[in-house]
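Worksheet: the structure to be examined is printed underneath.
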Amino acid sequence: MSLLITDECINCDVCEPECPNTAIYQGDEIYEINPNLCTECVGHFDEPQCIDVCPVDCIIVDPDNKESKTQLQAKYEKLIAS
(Lines of atoms letter the chains of each structure in order from A and count residues from 1; the text may use other names and numbers.)
(Lines give C-alpha, C1' and ligand atoms only; values in the text may rest on other atoms or scores of the structure.)
Protein backbone atom coordinates (compact mmCIF):
# COMPACT_ATOMS: atom_id res chain seq x y z
CA MET A 1 0.00 0.00 0.00
CA SER A 2 1.28 3.37 -0.74
CA LEU A 3 0.85 6.08 1.82
CA LEU A 4 -1.33 9.18 1.80
CA ILE A 5 -0.90 12.56 3.45
CA THR A 6 -4.16 13.85 4.91
CA ASP A 7 -5.35 17.44 5.01
CA GLU A 8 -4.05 17.66 8.58
CA CYS A 9 -0.60 18.27 7.03
CA ILE A 10 1.00 21.47 8.35
CA ASN A 11 3.60 21.74 5.54
CA CYS A 12 6.47 21.43 7.99
CA ASP A 13 8.81 20.10 5.26
CA VAL A 14 10.25 17.22 7.30
CA CYS A 15 8.81 14.29 5.31
CA GLU A 16 9.94 15.19 1.80
CA PRO A 17 13.72 14.84 2.31
CA GLU A 18 13.23 11.56 4.21
CA CYS A 19 11.63 9.74 1.26
CA PRO A 20 14.22 7.50 -0.43
CA ASN A 21 12.07 7.21 -3.57
CA THR A 22 11.31 10.93 -3.93
CA ALA A 23 7.61 10.05 -3.83
CA ILE A 24 6.72 13.04 -1.63
CA TYR A 25 6.25 16.42 -3.26
CA GLN A 26 4.64 19.78 -2.50
CA GLY A 27 1.08 19.80 -3.81
CA ASP A 28 -1.20 22.80 -4.26
CA GLU A 29 -2.02 23.04 -0.56
CA ILE A 30 -0.21 20.25 1.28
CA TYR A 31 2.46 17.67 0.61
CA GLU A 32 1.35 14.71 -1.49
CA ILE A 33 2.67 11.22 -2.20
CA ASN A 34 2.98 9.73 -5.68
CA PRO A 35 1.59 6.18 -5.27
CA ASN A 36 3.65 5.00 -8.24
CA LEU A 37 6.86 5.81 -6.35
CA CYS A 38 5.87 5.02 -2.75
CA THR A 39 7.07 1.63 -1.48
CA GLU A 40 6.48 2.44 2.21
CA CYS A 41 10.29 2.40 2.34
CA VAL A 42 10.37 -1.33 1.53
CA GLY A 43 13.85 -2.05 0.22
CA HIS A 44 15.33 0.89 2.12
CA PHE A 45 14.12 0.82 5.73
CA ASP A 46 12.04 -1.36 8.07
CA GLU A 47 9.50 1.42 8.65
CA PRO A 48 8.21 4.29 6.49
CA GLN A 49 10.51 7.20 7.27
CA CYS A 50 7.90 9.87 6.57
CA ILE A 51 5.61 8.45 9.24
CA ASP A 52 8.50 8.33 11.71
CA VAL A 53 9.27 12.05 11.31
CA CYS A 54 5.77 13.48 10.88
CA PRO A 55 4.98 15.65 13.92
CA VAL A 56 1.20 15.61 13.39
CA ASP A 57 0.66 11.97 12.35
CA CYS A 58 -1.07 12.90 9.11
CA ILE A 59 0.39 10.11 6.96
CA ILE A 60 -1.79 7.05 6.62
CA VAL A 61 -2.09 3.96 4.46
CA ASP A 62 -3.87 4.94 1.24
CA PRO A 63 -7.06 2.85 1.09
CA ASP A 64 -7.20 3.34 -2.71
CA ASN A 65 -3.72 1.90 -3.31
CA LYS A 66 -3.50 -1.40 -1.44
CA GLU A 67 -0.35 -3.41 -2.11
CA SER A 68 1.24 -6.38 -0.35
CA LYS A 69 4.84 -6.36 0.90
CA THR A 70 5.68 -8.54 -2.11
CA GLN A 71 4.18 -5.98 -4.49
CA LEU A 72 6.01 -3.15 -2.71
CA GLN A 73 9.29 -5.07 -3.00
CA ALA A 74 8.68 -5.61 -6.73
CA LYS A 75 7.95 -1.89 -7.16
CA TYR A 76 11.17 -1.06 -5.29
CA GLU A 77 13.19 -3.39 -7.55
CA LYS A 78 11.64 -1.82 -10.65
CA LEU A 79 12.43 1.70 -9.37
CA ILE A 80 16.09 0.95 -8.67
CA ALA A 81 16.49 -0.75 -12.05
CA SER A 82 15.46 2.42 -13.93
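Quick note: the sequence shown uses this note's numbering, first residue 619, plus one each step.
Using N, Cα and C, we set each Cβ at its ideal position, and we do this for glycine too.
Smallest Cα separation from residue i: which of the options?
| i | options | result |
| --- | --- | --- |
| Asn-652 | Asn-629, Ile-669 and Leu-622 | Leu-622 |
| Cys-668 | Pro-681, Glu-634, Glu-647 and Cys-627 | Glu-634 |
| Phe-663 | Gln-691, Lys-696, Asp-631 and Cys-627 | Gln-691 |
| Tyr-694 | Pro-673, Leu-655 and Ser-686 | Leu-655 |
| Asp-675 | Ala-699, Ala-641, Asn-683 and Pro-666 | Pro-666 |
| Glu-626 | Tyr-649, Ala-641 and Glu-636 | Tyr-649 |
Please say whether residue j and residue i have beta carbons closer to each other than 8 Å?
| i | j | result |
| --- | --- | --- |
| Asn-639 | Thr-624 | no |
| Met-619 | Val-679 | yes |
Quick one: Cα of residue i to Cα of residue j, how far?
| i | j | result |
| --- | --- | --- |
| Val-660 | Asn-629 | 24 Å |
| Lys-696 | Pro-673 | 31 Å |
| Lys-687 | Gly-645 | 27 Å |
| Lys-684 | Ile-642 | 18 Å |
Could you pull the start and end residues of the beta strand (DSSP E) that residue i belongs to?
| i | result |
| --- | --- |
| Leu-622 | 621–623 |
What are the start and end residues of the alpha helix (DSSP H) that includes residue i?
| i | result |
| --- | --- |
| Glu-650 | Run containing Glu-650: none in the alpha helix (DSSP H); it sits in the beta strand (DSSP E), 649–651. |
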